[in-house]
Amino acid sequence: MQRFTGRVAIVTGAAQGIGRAIAERLGKEGAQVFAVDLNGAGAAATAEAIGGNSTGLQCDVAEPDAVARLHADIEKAAGKLDILINAAGIVPFVPWDQVTFEEWRRVMRVNLDGLFLMCRAGSDLMRKKNYGRIVNISSNSIFAGTPNMAHYVASKGGVLTFGRALATELGAYKITVNTICPGLTDTETVQKTPHKDAFDFVEMLQAIKGHGKPQDIVPAVAFFASEEAHWITGQALSVDAGMIRW
Ligand code: 4PL
């Protein structure tokens with residue numbers, strides 16, 4: 009499939025994990041991808057792997073000036089923004105009695121402040137063309153109440169409900185906003201925490217057995233990002249081998 013020919017896309021968190029897999033698929037299907045990450049070298053490596061006219065850009069999505077600069081640069085380089093995938097996020101493993109206010113803020117800063125800043129600036133670019141696809145990465149932990157990440161669960165619940173409200177605000181501009189709720193996925197970030205030891209437990213709850221990989225999340229994201237998904241907005245989809253049903 010070549011669903012994204014002529015489309016300009018930003019993917020945040022594109023240096024690794026789910027973000028990188030999404031960036032690579034959008035690029036493979038013809039999009040000009042701006043791979044954005046706090047890790048500039050990692051973002052550049054993703055863009056290199058995609059090839060073509062894709063570019064890696066270093067940006068802290070929670071820094072207002074950096075996000076403004078990012079969008080100005082992309083508008084100058086590409087003239088528009090069609091697709092925004094918000095995959096940048098912090099995945100903590102912190103027992104509740106150790107969640108300090110600083111730790112709470114660290115997670116909220118990226119998972120919600122960063123999402124807000126990217127959507128605020130990105131949707132302004134999309135509104136100029138009356139077209140847009142925003143796909144935000146939440147988590148199925150918002151249904152499961154997964155332990156050792158209460159602040160993360162709170163932030164990802166916010167990702168879902170923010171998307172519902174944003175969909176209403178942006179419908180007039182033919183911009184859709186949808187949310188993906190992945191289950192536990194084998195990424196670099198997860199491998200760095202004790203969440204990596206939860207795969208067998210999570211598998212027990214899945215309808216389909218196996219360990220989730222970034223590539224398993226990509227098809228649902230690409231569908232929401234595609235032109236033909238124009239009649240779907242404000243929705244959320246669990247992509248977790250059937251762990252959560254709703
Ligand atoms: C079920 O989003 O959804 C662990 C770590 N277990 O980050 C997650 C589950 C984790 C999850 C998540």
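For any residue, its number in this note's numbering is found by taking its place in the sequence shown, counting from 1, and adding 8. Backbone N, C-alpha and C define an ideal beta-carbon position, used for all residues, glycine too.
Terminal residues of the alpha helix (DSSP H) in which residue i lies
i: Thr169; result: Ala158 to Leu178
i: Arg28; result: Gly25 to Lys36
i: Leu213; result: Phe207 to Leu213
i: Ile58; result: Gly48 to Ile58
i: Ile225; result: Pro222 to Ala233
i: Pro72; result: Pro72 to Ala86
i: Met116; result: Phe109 to Met116
i: Met9; result: Taken as a continuous stretch (DSSP letters only), Met9 belongs to no alpha helix (DSSP H), as it is neither H nor E.
For residue i, the first and last residue of its enclosing beta strand (DSSP E)
i: Ile18; result: Val16 to Thr20
i: Ser149; result: Per DSSP, Ser149 belongs to no beta strand (DSSP E); it is in the alpha helix (DSSP H), Ser149 to Ala152.
i: Ala244; result: Ala244 to Val247
i: Ile252; result: First-last for Ile252: undefined, no H or E at that position.
i: Leu92; result: Ile91 to Asn94
Minimum Cβ-Cβ distance from residue i to chain D less than 9 Å
i: Trp239; result: The structure shown contains no chain D; it holds only a single protein chain.
Whether residue i touches residue j by CB criterion (9 Å)
i: Ala76; j: Gly64; result: no
i: Val247; j: Ala29; result: no
i: Arg33; j: Val229; result: yes
i: Asn119; j: Gly87; result: no
i: Gly140; j: Ile188; result: no
i: Val99; j: Tyr160; result: yes
i: Val102; j: Leu78; result: no
i: Lys164; j: Ile142; result: no
i: Arg15; j: Ile91; result: yes
i: Ser131; j: Gly171; result: no
i: Gly122; j: Ala152; result: no
i: Gly220; j: Thr193; result: yes
i: Met116; j: Ala158; result: no
Residue(s) in a DSSP beta bridge with residue i
i: Phe42; result: Ile18 and Thr63
i: Ile188; result: Ile145 and Leu245
i: Gly140; result: Ile183
i: Thr193; result: Gly220
Sufficient close CB pairs (3 or more, under 8 Å) joining the stretch 128-136 to the stretch 221-240: no
Meets three-Cβ-pair contact criterion under 8 Å: the stretch 110-121 and the stretch 208-218: no
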